[in-house]
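Here the numbering used here = 1-based position in the sequence shown + 50. Backbone N, C-alpha and C define an ideal beta-carbon position, used for all residues, glycine too.
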Amino acid sequence: MAEQEKRVVRFKNKRKMAKLFHLKYDISAGQIILDQSKAKMSHNELLVLPNRITERQGAMLKERLTDRFLYKDRKPFISEVEYEFGKIFSVCKSCGFVTDRDKINKAWGGLCRKCFRKYQEEKKKEYQANKDYLKKIRKFKEYIKTSQGMVDAVPPQVIGSNIRMEVIRQGKTMREVARHLNLSDKQMSVLFDNKRLDVDVLQAICEYLMMPMEKALRQPRGVRLKRQDGLPRFWFEDDFRMKNE
Ligand SMILES: [Zn+2]
Numbered sequence: 051m052a053e054q055e056k057r058v059v060r061f062k063n064k065r066k067m068a069k070l071f072h073l074k075y076d077i078s079a080g081q082i083i084l085d086q087s088k089a090k091m092s093h094n095e096l097l098v099l100p101n102r103i104t105e106r107q108g109a110m111l112k113e114r115l116t117d118r119f120l121y122k123d124r125k126p127f128i129s130e131v132e133y134e135f136g137k138i139f140s141v142c143k144s145c146g147f148v149t150d151r152d153k154i155n156k157a158w159g160g161l162c163r164k165c166f167r168k169y170q171e172e173k174k175k176e177y178q179a180n181k182d183y184l185k186k187i188r189k190f191k192e193y194i195k196t197s198q199g200m201v202d203a204v205p206p207q208v209i210g211s212n213i214r215m216e217v218i219r220q221g222k223t224m225r226e227v228a229r230h231l232n233l234s235d236k237q238m239s240v241l242f243d244n245k246r247l248d249v250d251v252l253q254a255i256c257e258y259l260m261m262p263m264e265k266a267l268r269q270p271r272g273v274r275l276k277r278q279d280g281l282p283r284f285w286f287e288d289d290f291r292m293k294n295e
């Protein structure tokens, strides 16, 4: 099978429709030619448009050109062939597929049926994604008002640093804090490396150190946590979960 034919067959399988041909115009004979090959066979032959059409569409165009009073006494110019083509066909602005004008829906916005469907699907997905995002924002805004949400809004490493500073300031040790919480040294050492610091644990630490919780949640100078829609940016990362979610 010639490469040209193979291409046509592949296209056909994809579209499940009639064979498509290149539209050429023989300027000396004043006739349109449908060709599987794009290649120029004679110097009189010009490709009218890069888009391909069916045999039926070729016949439609030929009929239109023969019928025109204007072309009774002379052969149409190629620009006129192009003009008549545009009168009866619509070329998809996305894929270049040629559809009869009377089979086109204005609502498709210059797309073919297939591309318009695809466009609609994408719009639907976009809309759904936006809806999901807004829902997430609403949930986060509720969550950040809870005591656990307030703790989760600050990375545990920052809280850990604040606690350590306070411990040092009070002349205590982290080991003493661990004893108070009934934590092993090992548990204490990784407490602020976990993804989440439990609000009850933090409260117990703050009570022991007699420090207000806000102080433990304070952002150190020079640290600016990135925000998105008024919420901590890292909450939007895939691995963030609200507690009890
Ligand atoms: Zn298309």
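Would you say residue i touches ligand 1, meaning its beta carbon is less than 7 angstroms from a heavy atom?
i    : result
S140 : no
K164 : yes
F147 : yes
L161 : yes
S78  : no
S129 : no
S144 : yes
Taking buried to mean at least 16 other C-beta atoms within 10 Å of its own C-beta, is residue i buried or exposed?
i    : result
F159 : Looking at the sequence itself, residue 159 is Gly, so the reference to Phe does not match. The residue in question, G159, is exposed, as its Cβ has fewer than 16 Cβ neighbours within 10 Å.
Y75  : buried
D248 : exposed
I209 : buried
P282 : buried
C142 : buried
R214 : exposed
L275 : exposed
V240 : exposed
R106 : exposed
R167 : exposed
Going by alpha carbons, who is nearest to residue i out of the options?
i    : options                : result
H72  : E95, R167, N294, A79   : E95
D288 : K186, E105, E257       : K186
T149 : N155, S140, K156, R118 : S140
P206 : K189, D243, K181       : D243
D152 : M110, C145, S87, D123  : M110
C165 : S144, K175, N155       : S144
E134 : C162, E257, N155, K112 : K112
E216 : I103, Y258, L184, Y183 : Y258
So, helix, strand or coil for residue i, using DSSP?
i    : result
R277 : strand
F26  : No information on residue 26 is available, as it lies outside the stretch 51 to 295 that the chain covers here.
Q81  : strand
H230 : helix
R225 : helix
D243 : coil
R163 : helix
P100 : strand
V201 : helix
D150 : strand
Compare the C-beta of residue i with all C-beta atoms of chain B and state if any pair is closer than 8 angstroms.
i    : result
V227 : Here there is only one protein chain, and chain B is not present.
Three CB pairs or more closer than 8 angstroms across the segment 232-240 and the segment 262-280 | For the pair of segments examined, the segment 232-240 was found not to touch the segment 262-280: the number of CB pairs separated by less than 8 angstroms stays below three.
Are there three or more Cβ pairs, one per stretch, closer than 8 angstroms when the segment 189-199 is compared with the segment 162-179?
-> no
Is the segment 217-228 touching the segment 280-292 in the sense that three or more CB pairs, one from each, lie closer than 8 angstroms?
-> no
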